[in-house]
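For reference, the structure discussed in these notes is given below.
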Amino acid sequence: MKKILFAASEAAPFIKVGGLGDVAGALPKALCEAGADCRVILPLYSSIPWEKREDLTPLMHFDIRNAWREQYCGVLTKKVGKVTYYFIDNEYYFNRYRVYGEADDAERFAFFSRAVLEVLPRVGFIPDVLHANDWHTALIPVLQDCEYCHREGYGNIKTVFTIHNIEFQGKFDPYILGSVFGLDESKKPMLFYGDCINLMKGAIETAHAVTTVSESYAGEILDPYFSCGLHHILAARQFKVCGITNGIDTDVFDPATDKNIATNYSYETRSQKFRNKKALRAEMNLPAGDMPLLALVGRLTHQKGLDLLRMEFENVMATGAQMILLGTGDAEYEEFFREMQGRYPDAFRAIIGFDAALAQRIYAGADLFLIPSKFEPCGLTQMISMRYGTLPVVHAVGGLRDTVIPYDPTTGKGNGVNFLTYDSGDMMDAIRRAVKLYYDKPNYAKAKANAMRTDVSWKQSAGKYLALYERI
Ligand code: ADP
Numbered sequence: 177m178k179k180i181l182f183a184a185s186e187a188a189p190f191i192k193v194g195g196l197g198d199v200a201g202a203l204p205k206a207l208c209e210a211g212a213d214c215r216v217i218l219p220l221y222s223s224i225p226w227e228k229r230e231d232l233t234p235l236m237h238f239d240i241r242n243a244w245r246e247q248y249c250g251v252l253t254k255k256v257g258k259v260t261y262y263f264i265d266n267e268y269y270f271n272r273y274r275v276y277g278e279a280d281d282a283e284r285f286a287f288f289s290r291a292v293l294e295v296l297p298r299v300g301f302i303p304d305v306l307h308a309n310d311w312h313t314a315l316i317p318v319l320q321d322c323e324y325c326h327r328e329g330y331g332n333i334k335t336v337f338t339i340h341n342i343e344f345q346g347k348f349d350p351y352i353l354g355s356v357f358g359l360d361e362s363k364k365p366m367l368f369y370g371d372c373i374n375l376m377k378g379a380i381e382t383a384h385a386v387t388t389v390s391e392s393y394a395g396e397i398l399d400p401y402f403s404c405g406l407h408h409i410l411a412a413r414q415f416k417v418c419g420i421t422n423g424i425d426t427d428v429f430d431p432a433t434d435k436n437i438a439t440n441y442s443y444e445t446r447s448q449k450f451r452n453k454k455a456l457r458a459e460m461n462l463p464a465g466d467m468p469l470l471a472l473v474g475r476l477t478h479q480k481g482l483d484l485l486r487m488e489f490e491n492v493m494a495t496g497a498q499m500i501l502l503g504t505g506d507a508e509y510e511e512f513f514r515e516m517q518g519r520y521p522d523a524f525r526a527i528i529g530f531d532a533a534l535a536q537r538i539y540a541g542a543d544l545f546l547i548p549s550k551f552e553p554c555g556l557t558q559m560i561s562m563r564y565g566t567l568p569v570v571h572a573v574g575g576l577r578d579t580v581i582p583y584d585p586t587t588g589k590g591n592g593v594n595f596l597t598y599d600s601g602d603m604m605d606a607i608r609r610a611v612k613l614y615y616d617k618p619n620y621a622k623a624k625a626n627a628m629r630t631d632v633s634w635k636q637s638a639g640k641y642l643a644l645y646e647r648i
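Per the numbering used here, the sequence shown starts with residue 177, numbered consecutively.
Written as structure tokens, this is what we have:
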């Protein structure tokens with residue numbers, strides 16, 4: 177049985193800030209179901225809800241040396257289904273208000289990365305593959321390559337590094353190499369890029385395999401437009417880079433069993449979905465009527481294509497559609513959408529915040545789901561909305577291109593609506609096509625049925641990861 181340790185800075189249902197949390201929650205489960213022994217290791221943040229951590233079993237504690245620091249490291253565990261979780265406890269680093277964005281993030285995640293490697297022999301789990309994710313755990317393949325692989329027991333451990341979003345690379349002042357990571361100057365070329373330490377670059381260089389979260393994104397990041405400066409590094413390492421498209425946790429996101437939504441429905445009973453629209457409108461105090469309900473759930477940042485929406489907002493409202501937006505992020509967008517709510521009180525609601533339960537009610541209640549992202553490594557919201565029979569309207573980029581097939585009324589095939597260029601006029605054209613499709617009831621019903629039947633599970637992709645682990 178393959179032994180995999182999945183190291184991530186977030187994992188649902190314990191802690192989720194974005195898509196990485198969903199992936200770390202669902203992929204290990206799918207890998208276990210496919211026959212692997214996949215375990216997950218993550219920091220024990222104080223923001224993990226108490227009811228999710230009150231029954232953790234303490235295993236041990238010891239001290240970790242990182243440069244000149246000697247820090248406490250507690251290890252706790254819990255098994256959920258087939259997946260064993262390990263939690264790294266250190267109050268100084270993880271008892272914080274936020275998961276990310278602290279001034280000492282480099283030190284916090286360097287501690288976590290070293291703890292992951294230190295824990296292995298202590299808990300008696302030496303994995304065949306250590307799978308690190310994004311910059312927070314990018315130091316793991318680096319440390320394995322330059323330090324731990326020479327230690328007894330570590331020699332056969334292979335590393336995989338997954339890029340969930342190349343925008344966040346973990347760039348820090350060069351002084352941290354020695355004073356925070358505890359690495360000497362000879363390791364500088366491994367981690368140095370441009371004028372700083374770049375953790376993602378170090379992981380790309382040292383991991384045995386590098387993956388991205390969709391096939392299209394693996395190709396896109398070779399282009400300077402998408403690579404955020406790393407295209408040269410990736411081009412030289414292309415032999416070990418591949419894309420594996422994410423899935424979603426179809427147990428968590430299941431309209432037939434979802435406890436957060438007003439009325440449960442399945443593919444067979446999809447005609448009942450309208451009850452959720454009714455309930456959502458009532459909750460949002462939006463008037464009833466036969467107009468489509470368009471939704472957007474996500475981080476309010478430049479990545480998500482909100483500039484296009486801002487530019488075309490009046491035109492979107494002019495289609496007669498109602499719109500609900502749930503998100504949190506940059507103040508400029510938050511303010512804009514709050515202002516629009518004041519201007520269009522009968523048609524638009526902006527809920528500024530993070531609310532997983534409300535997000536599920538929106539997936540269930542909306543007719544159309546807008547994702548105009550400028551770039552999208554994979555994107556999960558289009559898959560979640562398809563699962564709930566809500567048609568995604570997307571910019572065909574990255575994972576959105578791989579998962580959303582434009583509906584064609586002549587063939588009756590397709591599960592959404594898309595536009596090909598990052599252009600506000602093109603986005604508006606797609607929204608108008610989607611609104612028109614909504615009123616074309618037979619075709620809308622067909623597209624909705626196709627969306628609900630799309631395989632968005634992890635099954636296929638888990639098989640691809642297992643094949644990759646085997647290969648390395
Ligand atoms: P990213 O990882 O870039 O944020 P993804 O589409 O991969 O985007 O994943 C976003 C995940 O976070 C989805 O599960 C989505 O439902 C959830 N999410 C994003 N913003 C919010 C919010 N404001 N409230 C609740 N859930 C949210």
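No residue lacks a Cβ here, since even glycine has one placed at the ideal position from N, Cα and C.
Determine the DSSP secondary structure at THR388, reduced to helix, strand or coil.
Three-state result, THR388: strand.
To the nearest angstrom, how far is it from the Cα of ARG327 to the Cα of TYR262?
Annotation: ARG327 to TYR262 spans about 22 Å, alpha carbon to alpha carbon.
Rounded to a whole number of angstroms, what is the C-alpha to C-alpha distance between GLU267 and ALA526?
Near 36 Å, if we compare the C-alpha coordinates of ALA526 and GLU267.
Given 7 Å as the limit, tell me if CYS214 has its C-beta closer than that to any heavy atom belonging to the ligand ADP.
For the ligand ADP, not one heavy atom lies less than 7 Å from the Cβ of CYS214.
If you check the beta carbons only, do THR233 and LEU252 fall under 8 Å apart?
Yes. Within cutoff.
Closest Cα partner of PRO431 within the set ASP425, TYR441, ASN422 and LEU306
That would be TYR441, whose Cα lies nearest to the Cα of PRO431.
Which one or two residues does DSSP pair with PHE263 in a beta bridge?
According to DSSP, which records beta bridges pairwise, PHE263 is partnered with LEU218 and LEU252.
Please classify ASN452 as buried or exposed, where buried requires at least 16 other C-beta atoms within 10 Å of its C-beta.
When all chains shown are included, ASN452 counts as buried.
Taking the DSSP output, what are the residues bridged to ASP239?
The partner list for ASP239 (beta bridge, DSSP) reads TYR248.
Hey, how far is the Cα of ALA610 from the Cα of ALA385?
Each residue's Cα considered, the two are about 40 Å apart.
Following the continuous beta strand (DSSP E) through LYS179, name the residue where it begins and the one where it ends.
Here the beta strand (DSSP E) through LYS179 covers 179–183.
Could you name the residues of the same chain whose beta carbon sits closer than 8 Å to that of CYS322, not counting the 5 residues immediately before and after it, in chain order?
The answer, listed in chain order, is LEU359, LYS363, MET366 and THR382.
From PHE524, ALA314, LEU410 and TRP311, residue whose alpha carbon lies closest to that of ASN461:
When PHE524, ALA314, LEU410 and TRP311 are compared, the shortest CA-CA separation from ASN461 is found for PHE524.
Please look up how many angstroms separate the CB atoms of GLY354 and ALA314, rounded, as I've assumed it's under 8 Å.
Not quite, the Cβ-Cβ distance comes to about 18 Å (not below 8 Å), so this is no contact.
Using a Cβ-Cβ cutoff of less than 7 Å, which residues in the same chain neighbour LEU398 once the five nearest sequence positions on both sides are dropped?
Spatial neighbours of LEU398 in its own chain (CB-CB distance under 7 Å, excluding positions within 5 residues in sequence) are listed in chain order as HIS407, LEU410 and ALA411.
If you drop the 5 nearest sequence neighbours on each side, which residues of the same chain put their C-beta closer than 7 Å to that of ALA317?
Position check: residue 317 holds Pro in this sequence, whereas Ala was assumed. Here the set comprises ALA308, THR335, PHE337, ALA379, THR382 and ALA383.
Using the DSSP secondary-structure output, state which residues sit across from LYS347 in a beta bridge.
Per the DSSP secondary-structure output, LYS347 pairs in a beta bridge with ASN374.
Quick one: does the C-beta of ALA202 sit closer than 7 Å to a heavy atom of the ligand ADP?
No; taking the cut-off as 7 Å, the Cβ of ALA202 has no heavy atom of the ligand ADP nearer than that.
Check whether the region 462–470 and the region 579–593 are in contact - that is, three or more C-beta pairs closer than 8 Å.
In short, these stretches do not touch, since the Cβ pair count stays below three.
Sorry if obvious, but does the Cβ on THR504 come closer than 7 Å to a heavy atom of the ligand ADP?
A distance criterion of 7 Å places the beta-carbon of THR504 in contact range of the ligand ADP, judged by its closest non-hydrogen atom.
Counting only the same chain and skipping the five closest in sequence on each side, list residues whose C-beta sits under 6 Å from that of ARG284.
If you ignore the 5 residues before and after ARG284, its C-beta comes within less than 6 Å of the C-beta of TYR269, all in its own chain and listed in chain order.
Which residue marks the beginning of the alpha helix (DSSP H) containing ARG577, and which one marks its end?
Taken as a continuous stretch (DSSP letters only), the alpha helix (DSSP H) holding ARG577 covers 574–579.
Among residues of its own chain, excluding the 5 on either side of ILE486, which ones have a beta-carbon nearer than 7 Å to its beta-carbon?
Looking at the sequence shown, residue 486 is not Ile but Arg. Cβ neighbours of ARG486 beyond the five flanking positions: PHE512.
Cutting at 6 Å between CB atoms, please list the residues of its own chain near PHE190, excluding the five before and the five after it.
Residues of the same chain with a CB within less than 6 Å of the CB of PHE190, apart from the 5 flanking positions on each side, are ILE224 and LYS228 in chain order.
Leaving out the 5 sequence neighbours to the left and right, which residues in its chain are closer than 7 Å to LEU534 when beta-carbon positions are compared?
Cβ neighbours of LEU534 beyond the five flanking positions: LEU502 and ILE527.
Taking LEU218 as the reference, which of TRP226, ASN271 and ILE264 has the closest Cα?
Looking only at TRP226, ASN271 and ILE264, the smallest Cα-Cα distance to LEU218 is reached by ILE264.
Mark TYR564 as exposed unless 16 or more other C-beta atoms lie within 10 angstroms of its C-beta, in which case mark it buried.
Buried, since its Cβ has 16 or more Cβ neighbours within 10 Å.
If you compare alpha carbons, which of HIS237, SER185, TYR351 and THR566 is closest to ARG298?
Nearest of HIS237, SER185, TYR351 and THR566 to ARG298, Cα basis: HIS237.
Which of the three DSSP states, helix, strand or coil, is assigned to ILE500?
Of the three classes helix, strand and coil, the one that applies to ILE500 here is strand, per DSSP.
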